[in-house]
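Each remark here refers to the structure printed beneath this line.
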Amino acid sequence: MSKVLELRSVTKIYGEKENRVKALDDVTFSIEKGEFVLIVGSSGSGKSTLLNMIGLLDRPTNGTIYIDGIDTTNLSDNNISSFRNNKLGFIFQFSNLLTDLTVFENVLLPRQIAGSKDSAEKDALELLKAVGIEDQINKRANKISGGQAQRVAIARGLVNKPSIVLADEPTGNLDSVTSEKIIQLMKSMAKNLNQTFIVVTHDREHFGNVDRIITIKDGRAFEGEQPSKLEVLV
Ligand SMILES: Nc1ncnc2c1ncn2[C@@H]1O[C@H](COP(=O)(O)OP(=O)(O)OP(=O)(O)O)[C@@H](O)[C@H]1O
Ligand SMILES: [Mg+2]
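Positions in the sequence shown are counted from 1; adding 306 to them yields the working numbering.
The structure is reproduced here in structure tokens:
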């Protein structure tokens, strides 16, 4: 097994003085390649903050995040966006597709930004087949349903063959039948591609068995999901 992610004593503080919020408090854990990890915890516990740190969308106040063994705290702001585009895939609650583009163009976009056009179209098409919407590829992204849009978002999140796919409430905007399908799709894609997924969710029960669950409580990370048995991660 190889480590794709390591957090060492990551703390995030927002605001100052009376507005000061410690959103993450000394979080330390590692994730191995291919693991499907759920991040759970009550509202305001720090889940999105954690995902934003791992996604290099914001920097920790203290601590270090290694992705594929690379210390991301040393990356300049210029380097960080290309690193993010190459190493990470994102799936959001609202699919965030570009509505002026077709389904196919949306999936191709991360590859075009990365500048790696070799086999891009073939890979995008394969992924669109794998997520089950190859019949929609020439439609504009605003002409498809919410569930279809999340399928496109999954294909887009995978097209750069990222080290980690990060998803914040990917089913938060879907009805429960569609949620179930999207969850099974993410799990099967993860397994087939040996792809690491880190998914923040309030929808724990629909996920069934996963490799690992991390609970965030008051900005601290715990292994497992049963409150009485939580062990702080160190
Ligand atoms: N940009 C910000 N500026 C100031 N405080 C913030 C900011 N983002 C989050 N917080 C605060 O940090 C804490 C953790 O927020 P976070 O969004 O990470 O929670 P969450 O677990 O994702 O909650 P939810 O389940 O409701 O999405 C909260 O107290 C929140 O108010
Ligand atoms: Mg959140």
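For every residue, glycine included, the Cβ atom is placed at its ideal position computed from N, Cα and C.
Taking buried to mean at least 16 other C-beta atoms within 10 Å of its own C-beta, is residue i buried or exposed?
{"i": "Asp429", "result": "buried"}
{"i": "Phe400", "result": "exposed"}
{"i": "Val413", "result": "buried"}
{"i": "Lys393", "result": "buried"}
{"i": "Gly347", "result": "buried"}
{"i": "Gln442", "result": "buried"}
If you drop the 5 nearest sequence neighbours on each side, which residues of the same chain put their C-beta closer than 8 Å to that of residue i?
{"i": "Thr405", "result": "Arg446, Ala447, Asn448"}
Ligand 1 heavy atoms versus the CB of residue i: any closer than 7 Å?
{"i": "Gly361", "result": "no"}
{"i": "Ala329", "result": "yes"}
{"i": "Gly352", "result": "yes"}
{"i": "Tyr320", "result": "yes"}
{"i": "Thr521", "result": "no"}
Is residue i near ligand 2, going by C-beta to nearest heavy atom under 7 Å?
{"i": "Asp524", "result": "no"}
{"i": "Val538", "result": "no"}
{"i": "Asp474", "result": "yes"}
My guess is that residue i and residue j are in contact by the Cβ rule of under 8 Å, so how many angstroms apart are they, rounded?
{"i": "Thr573", "j": "Val471", "result": "There is no way to answer for residue 573, as the model of the chain reaches only from 307 to 540."}
{"i": "Asn584", "j": "Phe410", "result": "The question about residue 584 has no answer here: the residues shown for the chain are numbered 307 through 540."}
{"i": "Ala436", "j": "Met495", "result": "7 Å"}
{"i": "Gly395", "j": "Gly463", "result": "4 Å"}
{"i": "His512", "j": "Glu475", "result": "Not a contact, Cβ separation roughly 12 Å."}
{"i": "Lys323", "j": "Thr355", "result": "Between Thr355 and Lys323 the Cβ distance is about 19 Å, and since that is not below 8 Å, they are no contact."}
Excluding five sequence neighbours on each side, which residues of the same chain lie with their C-beta closer than 6 Å to the C-beta of residue i?
{"i": "Glu432", "result": "none"}
Can you name, in chain order, every residue of its own chain whose Cβ lies under 7 Å from the Cβ of residue i, other than the five neighbours on each side?
{"i": "Gly352", "result": "Ala329, Leu330, Ile522, Gly525"}
**Prompt:** Are the segment 495–512 and the segment 332–340 touching, with three or more C-beta to C-beta distances below 8 Å?
**Reply:** Touching, yes, given that three or more Cβ pairs across the two stretches are closer than 8 Å.
**Prompt:** Touch check for the segment 363–379 and the segment 417–427: three-plus C-beta pairs under 8 Å?
**Reply:** No contact exists between the segment 363–379 and the segment 417–427.
**Request:** Say whether the segment 325–336 touches the segment 482–497, bearing in mind that this needs 3 or more beta-carbon pairs closer than 8 Å, one atom from each stretch.
**Result:** The segment 325–336, when compared against the segment 482–497, does not touch it at the 8 Å Cβ threshold.
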